[in-house]
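Start counting at 1 in the sequence shown, then tack on 65, and there's your number in my numbering.
These notes are about the structure you will find just below.
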Amino acid sequence: MYEIFDYLNEYDIYESFYDLNQRFKSLLIESNLPIKIKFPSISKLNLYHYYRRIVIPNKHRITLLHLTNPFTLDLIFSSSFFILKFTRLQTLIFDNMQAKYLEDMVDNIIPYHLPNLSSLIIHVVDQIQFPSFFYSEIFSLSTLSYCKITCEIKKDSRLSLLIDDDDDDDDGGNKYSPIETLIINDHFCLEEMKDILSYFPNLHRLSIGYLDEFRNKQLKIDPINLKALTEFNRKLEFLYFN
Numbered sequence: 066m067y068e069i070f071d072y073l074n075e076y077d078i079y080e081s082f083y084d085l086n087q088r089f090k091s092l093l094i095e096s097n098l099p100i101k102i103k104f105p106s107i108s109k110l111n112l113y114h115y116y117r118r119i120v121i122p123n124k125h126r127i128t129l130l131h132l133t134n135p136f137t138l139d140l141i142f143s144s145s146f147f148i149l150k151f152t153r154l155q156t157l158i159f160d161n162m163q164a165k166y167l168e169d170m171v172d173n174i175i176p177y178h179l180p181n182l183s184s185l186i187i188h189v190v191d192q193i194q195f196p197s198f199f200y201s202e203i204f205s206l207s208t209l210s211y212c213k214i215t216c217e218i219k220k221d222s223r224l225s226l227l228i229d230d231d232d233d234d235d236d237g238g239n240k241y242s243p244i245e246t247l248i249i250n251d252h253f254c255l256e257e258m259k260d261i262l263s264y265f266p267n268l269h270r271l272s273i274g275y276l277d278e279f280r281n282k283q284l285k286i287d288p289i290n291l292k293a294l295t296e297f298n299r300k301l302e303f304l305y306f307n
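Given below as structure tokens:
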């Protein structure tokens with residue numbers, strides 16, 4: 066009977082079995098097995114019941130958290146003390162979100178309260194107002210190995226990473242990012258890529274949305290040594306080679 070759980074997501078299991086009998090209810094909230102939580106597109110009331118009945122008592126078991134609307138953000142991240150209880154959380158997905166709900170979170174919450182986070186996936190539906198700061202905060206996360214960001218920056222913005230070159234491990238800063246897989250479905254120009262790639266010595270896979278030509282036609286970029294890089298995917302837009 067329990068094998069059917071392998072074919073259902075956590076919310077389907079909750080809907081089907083939570084109120085069936087006490088045995089199934091205990092199974093859902095007293096197990097030590099890891100679980101993956103994806104909040105479905107349902108009413109706020111039903112989301113709240115799911116949060117109260119399943120997420121809260123199982124927060125120490127959750128290894129993946131998939132959030133799809135601002136209401137779920139408020140539920141999960143309203144209390145720093147509560148976030149600290151997600152001791153096994155490794156993958157965090159923000160899907161179909163507005164940038165205003167994420168920028169403060171990336172700055173103040175994720176770095177300090179999710180020490181085991183290794184995978185971060187962000188889908189922003191609008192423009193990020195301060196892309197340099199946003200990216201820099203994400204790239205500075207010390208445990209991150211996989212990062213995928215889908216967003217759109219302002220066309221006239223100049224991306225630069227706000228990472229202090231004087232930072233080192235003794236000061237608690239991260240001069241380099243530990244990210245091994247980086248996927249950004251965004252526009253970059255060549256001089257921006259030089260700044261970005263210099264922070265990823267362990268990068269194995271890189272995929273970017275669009276690579277544009279130099280803004281500064283006279284700029285020359287020295288080669289960047291990425292010994293670990295094995296895969297590079299990009300689309301070229303307005304890029305010409307002589």
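We treat Cβ as the ideally placed atom computed from N, Cα and C, and that holds for glycine.
None of these values were measured; they are calculated from a predicted model.
Alpha-carbon to alpha-carbon, residue j and residue i
i      : j      : result
PHE328 : GLU296 : The question about residue 328 has no answer, for the chain in this structure spans 66 to 307.
GLU168 : ILE141 : 16 Å
SER144 : ASN298 : 39 Å
ILE175 : LEU268 : 22 Å
ARG117 : ILE148 : 14 Å
PHE330 : PRO135 : There is no way to answer for residue 330, as the model of the chain reaches only from 66 to 307.
LYS292 : TYR264 : 13 Å
SER207 : SER242 : 7 Å
ASP236 : SER210 : Any reading at ASP236 needs caution, since the residue's pLDDT is 48, under 50, leaving its predicted position unreliable; the model's value is listed next. So the alpha carbons of these two residues sit roughly 22 Å apart.
GLU257 : ASP191 : 21 Å
ILE158 : HIS131 : 5 Å
TYR115 : ILE203 : 29 Å
GLN155 : HIS188 : 18 Å
ASP234 : PRO266 : Note that ASP234 has pLDDT 48, beneath the 50 cutoff, so the model's placement of it is unreliable and no number is given.
THR308 : HIS125 : With the chain running from 66 to 307 in the structure shown, residue 308 is simply not present.
GLN163 : LEU276 : 24 Å
VAL171 : LEU294 : 26 Å
ASP139 : LYS165 : 13 Å
CYS216 : ARG270 : 19 Å
LEU255 : PHE199 : 20 Å
PHE195 : LYS259 : 19 Å
Nearest-angstrom Cβ-Cβ length linking residue i and residue j, presumed shorter than 8 Å
i      : j      : result
SER272 : ILE248 : 4 Å
LYS213 : ILE186 : 5 Å
ILE107 : VAL120 : 14 Å between Cβ atoms; not a contact.
PHE104 : LEU112 : 6 Å
Assigned secondary structure, residue i (DSSP; H/G/I helix, E/B strand, else coil)
i      : result
THR156 : strand
PHE151 : coil
PHE204 : helix
LEU255 : helix
PRO180 : coil
ASN111 : helix
PHE146 : helix
TYR116 : helix
ILE121 : coil
LEU209 : coil
ILE174 : coil
SER197 : helix
DSSP beta-bridge partners of residue i
i      : result
MET162 : VAL189
ARG270 : THR246, GLU296
THR215 : HIS188, ASN250
LEU130 : ILE102, LEU157
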